[in-house]
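S.K.: Got a structure for you, written out below as structure tokens; questions coming shortly.
There are 2 protein chains.
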Amino acid sequence: MTTAMELDKKDEGVSPRRPQTTGPAVPIFIVILLATAAIAQQKPFPSVILEERPSFPMSAAMERLYDEWNPHEDRGNELYSNFKYTELNGFKRETNVSRRDPTKVIKVDDIYHVWYTGRRSECPPVGLQNATDTKPGTDWDLADIWHATSKDGWNWIEDKQPAVRRPPKPERGFRSICTPGVLVWKGKYYLYFQAYSPMVGGQVWCPVRVAFADSPYGPWTHHPEPAVVPSPPGSWGNIKINDPCPVVHKGKILIYYKGAPIERGPEYVLRMQGVAFSDNPLGPFEASKLNPVINSGHETCMFPFKDGVAALVALDGPEKNTIQWSPDGENFKVMSMIQVPPVAPGPYCPDALSDSGDGRGFTWGLCHINPDGGGAANESILARFDCDLSLDVNREIFKRNNLRFNEQTYFQKGVALPPFIKQQIIRERKTLDRETIR
Amino acid sequence: MTTAMELDKKDEGVSPRRPQTTGPAVPIFIVILLATAAIAQQKPFPSVILEERPSFPMSAAMERLYDEWNPHEDRGNELYSNFKYTELNGFKRETNVSRRDPTKVIKVDDIYHVWYTGRRSECPPVGLQNATDTKPGTDWDLADIWHATSKDGWNWIEDKQPAVRRPPKPERGFRSICTPGVLVWKGKYYLYFQAYSPMVGGQVWCPVRVAFADSPYGPWTHHPEPAVVPSPPGSWGNIKINDPCPVVHKGKILIYYKGAPIERGPEYVLRMQGVAFSDNPLGPFEASKLNPVINSGHETCMFPFKDGVAALVALDGPEKNTIQWSPDGENFKVMSMIQVPPVAPGPYCPDALSDSGDGRGFTWGLCHINPDGGGAANESILARFDCDLSLDVNREIFKRNNLRFNEQTYFQKGVALPPFIKQQIIRERKTLDRETIR
Chain A
89 MTTAMELDKK
99 DEGVSPRRPQ
109 TTGPAVPIFI
119 VILLATAAIA
129 QQKPFPSVIL
139 EERPSFPMSA
149 AMERLYDEWN
159 PHEDRGNELY
169 SNFKYTELNG
179 FKRETNVSRR
189 DPTKVIKVDD
199 IYHVWYTGRR
209 SECPPVGLQN
219 ATDTKPGTDW
229 DLADIWHATS
239 KDGWNWIEDK
249 QPAVRRPPKP
259 ERGFRSICTP
269 GVLVWKGKYY
279 LYFQAYSPMV
289 GGQVWCPVRV
299 AFADSPYGPW
309 THHPEPAVVP
319 SPPGSWGNIK
329 INDPCPVVHK
339 GKILIYYKGA
349 PIERGPEYVL
359 RMQGVAFSDN
369 PLGPFEASKL
379 NPVINSGHET
389 CMFPFKDGVA
399 ALVALDGPEK
409 NTIQWSPDGE
419 NFKVMSMIQV
429 PPVAPGPYCP
439 DALSDSGDGR
449 GFTWGLCHIN
459 PDGGGAANES
469 ILARFDCDLS
479 LDVNREIFKR
489 NNLRFNEQTY
499 FQKGVALPPF
509 IKQQIIRERK
519 TLDRETIR
Chain B
89 MTTAMELDKK
99 DEGVSPRRPQ
109 TTGPAVPIFI
119 VILLATAAIA
129 QQKPFPSVIL
139 EERPSFPMSA
149 AMERLYDEWN
159 PHEDRGNELY
169 SNFKYTELNG
179 FKRETNVSRR
189 DPTKVIKVDD
199 IYHVWYTGRR
209 SECPPVGLQN
219 ATDTKPGTDW
229 DLADIWHATS
239 KDGWNWIEDK
249 QPAVRRPPKP
259 ERGFRSICTP
269 GVLVWKGKYY
279 LYFQAYSPMV
289 GGQVWCPVRV
299 AFADSPYGPW
309 THHPEPAVVP
319 SPPGSWGNIK
329 INDPCPVVHK
339 GKILIYYKGA
349 PIERGPEYVL
359 RMQGVAFSDN
369 PLGPFEASKL
379 NPVINSGHET
389 CMFPFKDGVA
399 ALVALDGPEK
409 NTIQWSPDGE
419 NFKVMSMIQV
429 PPVAPGPYCP
439 DALSDSGDGR
449 GFTWGLCHIN
459 PDGGGAANES
469 ILARFDCDLS
479 LDVNREIFKR
489 NNLRFNEQTY
499 FQKGVALPPF
509 IKQQIIRERK
519 TLDRETIR
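And the structure:
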């Protein structure tokens with residue numbers, strides 16, 4: 089198999105297969121010798137990677153390599169991975185059927201379980217202005233929480249009915265329930281989800297509700313009180329709590345979420361992520377005083393890693409497409425920069441809810457894709473991603489860089505230059521494009 | 089026009105059009121009032137963006153927003169852009185014709201000029217083991233430097249012959265000359281390029297040569313001496329100097345380049361970027377003592393910005409897909425994280441060579457694409473990218489985040505899970521995938 093990542097421009101077809109090192113492959117005395125020589129004569133930086141931060145003068149970039157990253161770059165970074173995608177079997181693609189926002193995958197009695205936002209409606213989303221009681225405004229309008237199982241993680245069987253249905257009007261969530269997160273706590277199962285009423289969208293108060301069951305097969309009971317509520321007026325998450333993502337850490341249940349304010353405009357916060365804590369899976373959950381704890385991202389994806397909490401942050405903000413880590417769940421640091429991350433990932437993370445204090449990470453999960461690259465206006469599909477964010481494997485292919493794309497990637501809608509911008513550029517060219525100064 | 093970036097999940101179809109702010113859109117006294125209230129009562133972080141760093145306790149992420157980024161995130165960052173692509177007219181796609189690695193675009197007497205690696209060979213690249221005097225080993229083997237002109241930046245006319253041909257055997261570069269960079273200096277034109285001999289690839293000593301002319305139309309004369317040579321044995325760039333990228337800064341000619349060592353293996357530096365200085369365009373160029381100055385990236389792309397030098401760093405390393413800036417050309421800081429950057433970009437940057445001390449950035453350029461997503465083994469095409477890395481325009485569409493991809497992007501070769509890894513994952517599943525701890 090020859091992938092784009094194996095062939096390396098200017099490396100003339102020599103495959104840069106570099107195993108993730110577990111220790112120096114050259115004898116340490118040679119490294120010390122070279123380092124000593126470099127220090128003595130201020131020679132150029134050596135070709136062998138110095139394991140220890142050299143003491144001779146370096147550029148700011150090389151200082152960062154030692155201080156923020158590590159000398160073996162991404163291939164020595166346990167919180168770096170690329171992501172490789174596979175279509176799933178068992179989720180039949182049908183007109184006006186959308187599946188998105190999978191929970192974490194859990195494995196119970198040798199069966200994998202996942203829940204997700206499911207919409208089966210009479211027509212595609214028509215936009216908020218045209219939505220009716222039966223016409224969805226968006227992809228996640230008029231949705232319920234669906235459940236599917238798998239014996240191998242590749243072939244899935246979807247239940248014939250929703251696992252958790254919208255509660256009756258006028259209860260919170262009667263319009264749509266979506267973006268579930270799953271918790272297993274003291275032998276019981278909990279699903280957290282956004283509860284929209286009376287109407288998805290616009291800017292309506294949207295808390296997180298919770299349903300519980302004794303088995304992953306249900307039946308599920310709606311808890312009457314909301315679990316996580318928007319923050320007070322004037323604050324960053326005052327209208328909607330999106331994408332609840334439960335993790336258990338140091339004896340507490342942590343629910344991460346994306347917050348949105350009712351205010352709109354360039355002078356307001358767009359989206360950030362916070363966390364709320366509780367001892368009780370039914371709540372109430374108390375927001376961290378340090379919120380927001382993530383300054384970027386779109387969907388939430390947190391998981392225990394070693395004795396802290398890691399986060400996959402995608403799509404939005406200055407720290408888009410990074411993996412971050414925090415010792416306390418509240419103070420995150422950027423650990424790596426990633427490409428083409430899964431959208432709305434739900435990793436299979438067996439210790440996400442165990443509070444082991446030794447999170448092992450994950451190697452796969454489910455995510456969603458908008459087949460035409462659209463955002464809100466179309467059906468979504470579930471797909472599988474594989475990666476190496478696990479301390480238990482060492483899959484070299486996932487530690488590589490130099491990911492290249494085919495022609496269609498650059499010229500797809502959303503990446504190609506749209507015609508109206510091209511017209512603007514042509515208009516402005518004569519005044520903007522000056523002669524090369526020489 | 090509706091792109092994926094305009095429709096925003098959870099925003100329910102409300103288009104998040106946010107003009108790049110030039111100042112606070114709410115009266116400053118309201119901001120101060122809210123900030124004061126927040127400090128007094130330790131309320132949650134406000135929905136209005138505080139222009140000044142608040143003094144109340146914040147998470148590490150929010151501290152970075154003020155200390156490393158800016159409170160308006162990417163939309164307030166003049167060194168952030170996304171990139172939008174267009175196919176070019178005039179570069180006829182023909183079997184066994186490859187065009188790649190464009191220089192910066194320059195504009196002389198109202199005509200845009202670009203040079204690039206051009207290969208016209210009897211067959212596609214056959215790999216280094218099978219290469220002959222007429223069969224290329226790689227995409228950039230048996231190549232010359234070609235030249236094309238345009239009146240509008242979209243429609244191009246290619247010269248009928250190479251602008252700079254390989255010198256005769258046994259001169260350096262008789263096998264292939266590639267990856268040109270252009271300099272205009274005191275009314276003369278200079279092209280810098282890699283000079284391969286006797287054979288592209290393997291691990292052969294590859295310096296940068298230079299050719300000069302009185303006009304962008306040539307004729308070009310090879311200067312006999314190499315301009316930039318690999319660093320001494322044992323150091324990081326001891327075998328090849330790739331992708332020479334000239335910039336003029338503070339009276340000096342700076343040539344940035346990617347260095348590669350002859351040594352291969354996980355214990356050696358893979359690729360980093362350095363800079364060399366000279367007063368004379370024909371050299372010799374003296375390497376910075378702080379090299380490498382960029383710890384990541386693949387092709388070079390440096391340009392003057394304000395009174396410093398900026399760099400677009402793509403594809404490789406822990407700081408892949410970032411834009412960086414340096415006051416002195418040697419000490420770079422990460423300024424933004426970007427997505428789907430142009431490969432081997434050659435921006436139209438009218439002041440790249442003027443040493444104005446007030447670099448204005450750029451809005452477009454040429455890059456190359458491997459149509460099938462492959463790296464070294466196939467023909468490449470030139471394409472145009474547009475962006476907003478310019479201080480002279482404010483094109484909001486290029487400041488957006490939330491770039492989404494279509495289904496084909498995830499399932500293309502190189503991004504989809506390859507079958508052999510799938511087989512490994514299936515084999516390892518039973519021992520690796522544990523029950524969810526509950």
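Protein sequences, first through last, are from chains A and B. Be aware that the first sequence starts at 89, since it is given in this note's numbering, and climbs by one per residue. Be aware that the second sequence starts at 89, since it is given in this note's numbering, and climbs by one per residue. Glycine is no exception: its CB is placed at the ideal position from the N, C-alpha and C atoms.
Output the residue ranges of the beta strand (DSSP E) runs that lie fully inside the stretch 378 to 442 of chain A and measure 3 residues or longer, sorted by chain position.
M.R.: Assignment of beta strand (DSSP E) within the stretch 378 to 442 of chain A, counting only whole runs of 3 or more residues, yields 390 to 394, 396 to 401, 410 to 414, 421 to 425, 431 to 435 in chain order.
S.K.: Out of curiosity, what's the CA-to-CA distance linking residue 188 of chain A and residue 520 of chain B?
M.R.: Position 100 of the first sequence, counting from 1, holds the residue named residue 188 of chain A. Position 432 of the second sequence, counting from 1, holds the residue named residue 520 of chain B. Approximately 26 angstroms between the Cα atoms of the pair.
S.K.: Taking 8 angstroms as the cut-off, decide whether the C-beta atoms of residue 376 of chain B and residue 407 of chain B are in contact.
M.R.: Along the second sequence, read from residue 1 onward, the residue named residue 376 of chain B stands at position 288. Along the second sequence, read from residue 1 onward, the residue named residue 407 of chain B stands at position 319. With contacts defined as CB atoms closer than 8 angstroms, residue 376 of chain B and residue 407 of chain B fail to qualify as a contacting pair.
S.K.: Going by DSSP in three states, residue 169 of chain B sits in which element: helix, strand or coil?
M.R.: For the purposes of this step, residue 169 of chain B is identified with residue 81 of the second sequence, where counting begins at 1. In this structure, residue 169 of chain B counts as coil in the three-state DSSP scheme.
S.K.: Quick check on residue 303 of chain A - is its C-beta less than 8 angstroms from some C-beta in chain B?
M.R.: Here residue 303 of chain A corresponds to residue number 215 of the first sequence, with the count starting at 1. Judged by the 8 angstroms Cβ criterion, residue 303 of chain A is not in contact with chain B.
S.K.: What did DSSP end up calling residue 454 of chain B once you bin it into helix, strand or coil?
M.R.: In the second sequence, counting from the first residue as 1, residue 454 of chain B sits at position 366. Strand.
S.K.: May I have the straight-line CA-CA distance separating residue 244 of chain B from residue 203 of chain B, to the nearest angstrom?
M.R.: Translated into positions along the second sequence, residue 244 of chain B becomes position 156. Translated into positions along the second sequence, residue 203 of chain B becomes position 115. So the alpha carbons of these two residues sit roughly 12 angstroms apart.
S.K.: Is it buried or exposed for residue 524 of chain A, if we count other Cβ within 10 angstroms and need 16 for buried?
M.R.: Your numbering for residue 524 of chain A matches position 436 in the first sequence. Flag for residue 524 of chain A reads buried.
S.K.: Can you name the residues of chain B whose CB is closer than 8 angstroms to the CB of residue 163 of chain A?
M.R.: In the first sequence, counting from the first residue as 1, residue 163 of chain A sits at position 75. Near residue 163 of chain A (Cβ distances below 8 angstroms), the residues of chain B are 354.
S.K.: In its own chain, which residues sit with a C-beta less than 6 angstroms from the C-beta of residue 403 of chain A, not counting the 5 before and 5 after it?
M.R.: Position 315 of the first sequence holds residue 403 of chain A. Correct list, in chain order: 386.
S.K.: Would you identify the three-state DSSP class for residue 499 of chain A, choosing helix, strand or coil?
M.R.: Mapped onto the first sequence, residue 499 of chain A falls at position 411. Helix, per DSSP.
S.K.: Only counting runs of 3 or more residues, tell me where the beta strand (DSSP E) segments fall wholly within the stretch 134 to 187 of chain A, in order along the chain.
M.R.: Segments of the beta strand (DSSP E) lying fully in the stretch 134 to 187 of chain A: 172 to 175.
S.K.: Given a threshold of 16 other Cβ atoms within 10 Å of its Cβ, counted over all protein chains shown, does residue 218 of chain A qualify as buried or as exposed?
M.R.: Walking along the first sequence from the start, residue 218 of chain A turns up at place 130. Flag for residue 218 of chain A reads exposed.
S.K.: Quick one: what's residue 334 of chain A bridged to in DSSP?
M.R.: Within the first sequence, the letter at position 246 stands for residue 334 of chain A. Paired residues: A:343.
S.K.: Would you say residue 149 of chain A and residue 380 of chain B are within 8 angstroms of each other, going by their C-beta atoms?
M.R.: Counting from one through the first sequence, the residue named residue 149 of chain A turns up at place 61. Counting from one through the second sequence, the residue named residue 380 of chain B turns up at place 292. Yes, the pair counts as a contact, with Cβ atoms nearer than the cut-off.
S.K.: Nearest to residue 431 of chain B by alpha carbon, out of A:491, A:166, A:260?
M.R.: Here residue 431 of chain B refers to the residue found at position 343 when the second sequence is read from its first residue. Answer by Cα proximity: A:491.
S.K.: Identify each residue in the stretch 127 to 151 of chain B for which the Cβ-Cβ distance to at least one residue of chain A is less than 7 angstroms, and report them in chain order.
M.R.: For the stretch 127 to 151 of chain B, the set of residues with a beta-carbon nearer than 7 angstroms to any beta-carbon of chain A comprises 130, 131, 132, 133, 134, 135, 136, 137, 145, 146, 147, 148, 149, 150, in chain order.
S.K.: So if DSSP puts residue 373 of chain A in a beta bridge, which residue, or which two residues, is it bridged to?
M.R.: As a working note, residue 373 of chain A is residue 285 in the first sequence. Partner(s): none; residue 373 of chain A has no beta bridge.
S.K.: So, does the stretch 454 to 472 of chain A touch the stretch 136 to 152 of chain A, judging by three or more C-beta pairs under 8 angstroms?
M.R.: no
S.K.: What is the rounded straight-line gap between the Cα of residue 479 of chain A and the Cα of residue 498 of chain B?
M.R.: Here residue 479 of chain A refers to the residue found at position 391 when the first sequence is read from its first residue. Here residue 498 of chain B refers to the residue found at position 410 when the second sequence is read from its first residue. Those two C-alpha atoms are separated by around 25 angstroms.
S.K.: In whole angstroms, what is the alpha-carbon distance linking residue 192 of chain B and residue 330 of chain B?
M.R.: The residue you call residue 192 of chain B lines up with position 104 of the second sequence. The residue you call residue 330 of chain B lines up with position 242 of the second sequence. Approximately 16 angstroms, taken between the alpha carbons.
S.K.: Expressed to the nearest angstrom, what Euclidean distance is found between the alpha-carbon atoms of residue 391 of chain A and residue 494 of chain B?
M.R.: For this step, residue 391 of chain A is matched to residue 303 along the first sequence. For this step, residue 494 of chain B is matched to residue 406 along the second sequence. C-alpha separation (whole angstroms): 27 angstroms.
S.K.: Could you please tell me which residues of the stretch 217 to 243 of chain B, in chain order, have their CB closer than 9 angstroms to any CB of chain A?
M.R.: The residues in question are 217, 225, 226, 227, 228, 229, 240, 241, 242.
S.K.: Can you give the Cα-Cα distance for residue 145 of chain B and residue 365 of chain A, rounded to whole angstroms?
M.R.: Here residue 145 of chain B is taken as the residue at index 57 of the second sequence, counted from 1. Here residue 365 of chain A is taken as the residue at index 277 of the first sequence, counted from 1. Distance between the alpha carbons of residue 145 of chain B and residue 365 of chain A is about 18 angstroms.
S.K.: Quick one, are the C-beta atoms of residue 170 of chain A and residue 455 of chain A less than 8 angstroms apart?
M.R.: As a first step, residue 170 of chain A is located in the first sequence; it is residue number 82 there, counting from the start. As a first step, residue 455 of chain A is located in the first sequence; it is residue number 367 there, counting from the start. It is not a contact, given that the beta carbons lie outside the stated cut-off.
S.K.: Does residue 524 of chain A have its Cβ less than 8 angstroms from a Cβ in chain B?
M.R.: Sequence index remark: in the first sequence, residue 524 of chain A carries index 436 (1-based). It does: the Cβ of residue 524 of chain A has a partner Cβ on chain B nearer than 8 angstroms.
S.K.: Please state if the CB of residue 286 of chain B and the CB of residue 263 of chain B are separated by a distance shorter than 8 angstroms.
M.R.: Mapped onto the second sequence, residue 263 of chain B falls at position 175. Mapped onto the second sequence, residue 286 of chain B falls at position 198. A contact, by the Cβ cut-off of 8 angstroms.
S.K.: Below 8 angstroms on the Cβ atoms is my contact criterion, and I expect residue 343 of chain B with residue 327 of chain B to pass it. Report the Cβ-Cβ distance as a whole number of Å.
M.R.: Counted from its first residue, the second sequence places residue 343 of chain B at position 255. Counted from its first residue, the second sequence places residue 327 of chain B at position 239. A Cβ-Cβ separation of about 17 angstroms leaves residue 343 of chain B out of contact with residue 327 of chain B under the 8 angstroms criterion.
S.K.: Quick check on the burial criterion: 16 or more other C-beta atoms within 10 angstroms. Buried or exposed for residue 511 of chain B?
M.R.: Numbered from its first residue, the second sequence carries residue 511 of chain B at position 423. With fewer than 16 other Cβ atoms within 10 Å, it is exposed.
S.K.: Ignoring anything shorter than 3 residues or poking outside the stretch 234 to 279 of chain B, list the beta strand (DSSP E) runs there in chain order.
M.R.: 244 to 246, 264 to 273
S.K.: Kindly indicate which residue of A:441, A:395, A:426, A:296 has the alpha-carbon position closest to the one of residue 371 of chain A.
M.R.: Your numbering for residue 371 of chain A matches position 283 in the first sequence. The option with the nearest alpha carbon to residue 371 of chain A is A:296.
S.K.: Could you tell me the alpha carbon to alpha carbon distance between residue 249 of chain B and residue 178 of chain B, rounded to whole angstroms?
M.R.: Within the second sequence, the letter at position 161 stands for residue 249 of chain B. Within the second sequence, the letter at position 90 stands for residue 178 of chain B. So the alpha carbons of these two residues sit roughly 15 angstroms apart.
S.K.: Run the proximity test for residue 493 of chain B: is its beta-carbon closer than 7 angstroms to any non-hydrogen atom belonging to the ligand ATP?
M.R.: What this structure holds is no ligand at all, so the ligand ATP is not there to describe.
S.K.: Assuming residue 184 of chain A and residue 208 of chain A form a contact by the criterion Cβ under 8 angstroms, report the distance between their Cβ atoms to the nearest whole angstrom.
M.R.: Sequence index remark: in the first sequence, residue 184 of chain A carries index 96 (1-based). Sequence index remark: in the first sequence, residue 208 of chain A carries index 120 (1-based). That belief holds up - the Cβ atoms of residue 184 of chain A and residue 208 of chain A are roughly 7 angstroms apart, short of 8 angstroms.
S.K.: Looking at the structure shown, is residue 523 of chain A part of a helix, part of a strand, or coil, going by DSSP?
M.R.: As a position in the first sequence, residue 523 of chain A is number 435, starting the count at 1. It is coil, neither helix nor strand.
S.K.: Against residue 379 of chain B, what residues of chain A qualify as contacts under a CB-to-CB distance less than 8 angstroms, listed in chain order?
M.R.: The count along the second sequence starts at 1 and reaches residue 379 of chain B at position 291. Those within 8 angstroms of residue 379 of chain B in chain A are 132, 133, 147.
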